[in-house]
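Protein chains: 2
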Amino acid sequence: MVQNIINPSLKNPQIFNLESFDLCRYLATAKARVEKALEASIKVKYPETIYESMRYSLMASGKRLRPILCLATCELFGGDDSMSMPTACAMEMVHTMSLIHDDLPAMDNDDYRRGKLTNHKVYGEDIAVLAGDALLAYAFEFIADNTQNVPSDRILRVVSRLGRAVAAEGLVGGQVVDLESEGKPDTTLETLNFIHRHKTAALLEASVVSGGILAGADTEDIKRLTIYAQNIGLAFQIIDDILDITSTSEELGKTAGKDIIAQKVTYPSLLGIPESQIQAQNLIDLAKSQVQCYGSPAIPLMRIADYIIARTY
Amino acid sequence: MVQNIINPSLKNPQIFNLESFDLCRYLATAKARVEKALEASIKVKYPETIYESMRYSLMASGKRLRPILCLATCELFGGDDSMSMPTACAMEMVHTMSLIHDDLPAMDNDDYRRGKLTNHKVYGEDIAVLAGDALLAYAFEFIADNTQNVPSDRILRVVSRLGRAVAAEGLVGGQVVDLESEGKPDTTLETLNFIHRHKTAALLEASVVSGGILAGADTEDIKRLTIYAQNIGLAFQIIDDILDITSTSEELGKTAGKDIIAQKVTYPSLLGIPESQIQAQNLIDLAKSQVQCYGSPAIPLMRIADYIIARTY
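Respectively, the protein sequence lines represent chains A and B. Per my numbering, the first sequence starts with residue 169, numbered consecutively. Per my numbering, the second sequence starts with residue 169, numbered consecutively.
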């Protein structure tokens, strides 16, 4: 049960009503704000190819879950979009970079992503590598140049968090273990959890935690946000693995059934679909329990956690 | 002539004597400090492959020109290594990333770099892409986490500068135009200058200017440093193009004669070697004239400019 008492660590919190809270509308509104900011973030100029390539993948329709989580967490602690939107956009830029590079022939060799041809299929491998590099570097520049109403030391903490979430201790490390595990049917649940926590959860964690840091969340809050994000991150990936089996390529906007073809060990392959669903639900419950203490202002984060397990693509 | 009066914008400047200044020793000492800091910057842990791959290219012997310029400029304005070394290391990480990705089969397809097999020849293309990504992201984290005795707003300005130097307005943009110009014998000097200013000079500029920012250089100083760096950057690349013709692969530690084979337009191909050398010398003179006003504390920057044109590899 969500309590209606407001945690003293929240400043000027927005009050939501659990019964009337409309998640679809909340997500749509936040997504529209993110799309607008992303649209304005990269202008095409000479040499046009690289800006067009960056925009091609960045503006391909996605759920924008990472930026929305960043905005929602900043809001929870009394912050607004002027503080969090540049970081929110940076999270999407970095996520897009990771998709472009993951899809390369030397990596997962994928032809479709977000319902469109992958970046290298349109612009060539060389430009795809460079578009990823440019998005990654620009993400940091964008945070440093555009964040408003936040003390510089907090912005630096966000820069550090984002760097760690991407580099070898974050998604790159997860991707490496993922590549090493391909075609190895004896991959353990422990290794699988390492992959998911790094490849998927690290950037979700950075998105959530950064929203908190920017708005001035304290050490105890950051601990709670970290546990919340790590758990929704792992649940997100378990659901992804289930959807890879149960959905069509059209529904996913990317190639379905890849894990089975690649003989990849996943939660469903190790535990079966029903048990995987139970585990994902447990993770979501654990995540929600971490932010319950904030009462009704945390309703968006609680409902986003529910959405992660209920989504169909 | 170097004046011995000390510019009032310098705080506690180190005094050098033009006659007795030993550039070889200065470069060797600075390089040793950089190597030590780079060595400590990345520890190998699980998953080992990615850390080993990052270290393989980062620790391959290079001139370490970018970090040394960062340290030297910070010193000129009264700063020390505690302020500049993390940024100096970050510049080398980013430079290494650009070399790893440039050498990929989808780009320049090179087998040798710094006298060793290229990263993808040893670790595979997938790991080489990821090692570059990890070095790029880690560079920003490293600056944010390790810079000492510098106000946060200055560190953020460095983060912004580094991002811009790498992304589409910097070396990625230069690399794109370079790729587009391959096999086009009608490439103009204007386009060639665009490539060099972005692919090479942008990161040298970020290295020099960041050293100044960290130590508190003012707007006028930053302007001078920018012109200094842009000019040594362009001269550096002209000399690179000359060496590609006049040196052996053994001397360079990378494949020589590549530009001719790729039918690439270069300064020597457009203007001939003697005229290219004159142009490089003019750029170096212009660079030196920008820092002359700082008197004897600027002797290292002046002599590094001379070194750029005198180097043989």
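All C-beta atoms in this analysis are idealised placements derived from N, C-alpha and C, irrespective of residue type, glycine included.
Handout entry: Beta-carbon proximity list for L339 of chain A, same chain, < 7 Å, skipping 5 on both sides
Key = S266, A333, H366, K367, A370, L371
Exercise for the section: Kindly say whether L304 of chain B, judged by its beta-carbon, lies nearer than 8 Å to any beta-carbon of chain A. Expected result: yes
Problem - Segment contact flag, the segment 395 to 409 of chain B with the segment 249 to 264 of chain B, C-beta cutoff 8 Å, min 3 pairs - result: no
Problem - Sub-8 Å separation of T423 of chain A and Y280 of chain A beta-carbons - result: yes
Practice task
Tell me whether the beta-carbon of L382 of chain B lies closer than 8 Å to the beta-carbon of I323 of chain A.
Solution key: no
Handout entry: Among A:K231, A:A200, A:P215, nearest to A208 of chain A - alpha-carbon criterion
Key = A:A200
Exercise for the section: May I have a chain-ordered list of the beta strand (DSSP E) segments no shorter than 3 residues that lie completely inside the segment 372 to 421 of chain A? Expected result: none
Handout entry: Beta-bridge pairing of R281 of chain B - partner residues as DSSP gives them
Key = B:K284
Practice task
Return the chain-ordered list of same chain residues with a C-beta closer than 7 Å to the C-beta of L357 of chain A, the five sequence neighbours on each side being excluded.
Solution key: L438
Exercise for the section: Would you list, in chain order, the members of the segment 199 to 221 of chain A that have their beta-carbon closer than 7 Å to a beta-carbon of chain B? Expected result: P215, T217, I218, Y219
Practice task
State yes or no: is the C-beta of A466 of chain A within less than 8 Å of the C-beta of L244 of chain A?
Solution key: yes
Handout entry: Nearest to K426 of chain B (by Cα), restricted to the options B:P436, B:E419, B:I413, B:L469
Key = B:I413
Practice task
Return the residues of the segment 259 to 272 of chain A that lie within a Cβ-Cβ distance of less than 9 Å from chain B, sorted by chain order.
Solution key: V262, M265, S266, H269, L272
Handout entry: Contact with chain B by L178 of chain A, beta-carbon distance below 8 Å
Key = no
Practice task
Compute the Euclidean distance between the alpha carbons of D354 of chain A and D276 of chain A, then round it to the nearest angstrom.
Solution key: 20 Å
Problem - Against chain B: residues of the segment 311 to 322 of chain A by CB proximity under 7 Å - result: A312, D313, S320, D321
Practice task
Would you tell me roughly how many angstroms separate the C-alpha atoms of F184 of chain B and K231 of chain B, rounded to the nearest one?
Solution key: 23 Å
Practice task
Compute the distance between the beta-carbons of P235 of chain A and V202 of chain A, then report whether it is under 8 Å.
Solution key: yes
Handout entry: C-alpha distance - Y475 of chain A paired with D278 of chain B, whole-angstrom precision
Key = 47 Å
Handout entry: Minimum Cβ-Cβ distance from D279 of chain A to chain B less than 8 Å
Key = no
Practice task
Give a yes or no on contact between the segment 312 to 319 of chain A and the segment 216 to 226 of chain A, applying the rule of three or more CB pairs nearer than 8 Å.
Solution key: no
Exercise for the section: Determine the direct distance from the alpha carbon of P468 of chain A to that of L402 of chain A, and round the result to whole angstroms. Expected result: 19 Å
Exercise for the section: Just the C-alpha distance for A336 of chain A and P442 of chain B, rounded to the nearest angstrom, thanks. Expected result: 46 Å
Practice task
Tell me whether the beta-carbon of M222 of chain B lies closer than 8 Å to the beta-carbon of A302 of chain B.
Solution key: yes
Practice task
May I have the straight-line CA-CA distance separating R479 of chain A from L191 of chain A, to the nearest angstrom?
Solution key: 12 Å
Exercise for the section: Measuring alpha carbon to alpha carbon, tell me which of B:P181, B:D294, B:P319, B:S444 ends up nearest Q405 of chain B. Expected result: B:S444
Problem - Residues of the segment 330 to 341 of chain A with Cβ closer than 7 Å to any Cβ of chain C, in chain order - result: The chain inventory of the structure shown lacks chain C, comprising the protein chains A and B.
Exercise for the section: Taking Q343 of chain B as the query, report the chain A residues whose CB atoms sit under 7 Å from its CB, ordered along the chain. Expected result: L298
Problem - Own chain, CB closer than 8 Å to P273 of chain A, minus 5 neighbours either side, in chain order - result: H288, E293
Practice task
Can you tell me which of the three DSSP states E243 of chain A falls into?
Solution key: helix
Exercise for the section: Anything in chain B within Cβ reach of V290 of chain A, meaning under 8 Å, just list it in chain order. Expected result: In chain order: nothing, as chain B lies at least about 14 Å away.
Problem - Where N450 of chain B falls, given that 16 or more other Cβ within 10 Å makes a residue buried - result: exposed
Practice task
Output the distance between the C-alpha atoms of H364 of chain A and E350 of chain A, rounded to the nearest integer angstrom.
Solution key: 14 Å
Handout entry: Classification of L388 of chain B by the beta-carbon crowding that lies within 10 angstroms, buried from 16 upward
Key = The sequence given here places Glu at residue 388 of chain B; Leu does not occur at that position. Label assigned to E388 of chain B: exposed.
Problem - Rounded C-alpha distance that separates Q458 of chain A from L237 of chain A - result: 15 Å
Problem - Where T434 of chain B sits in the DSSP three-state scheme - result: coil
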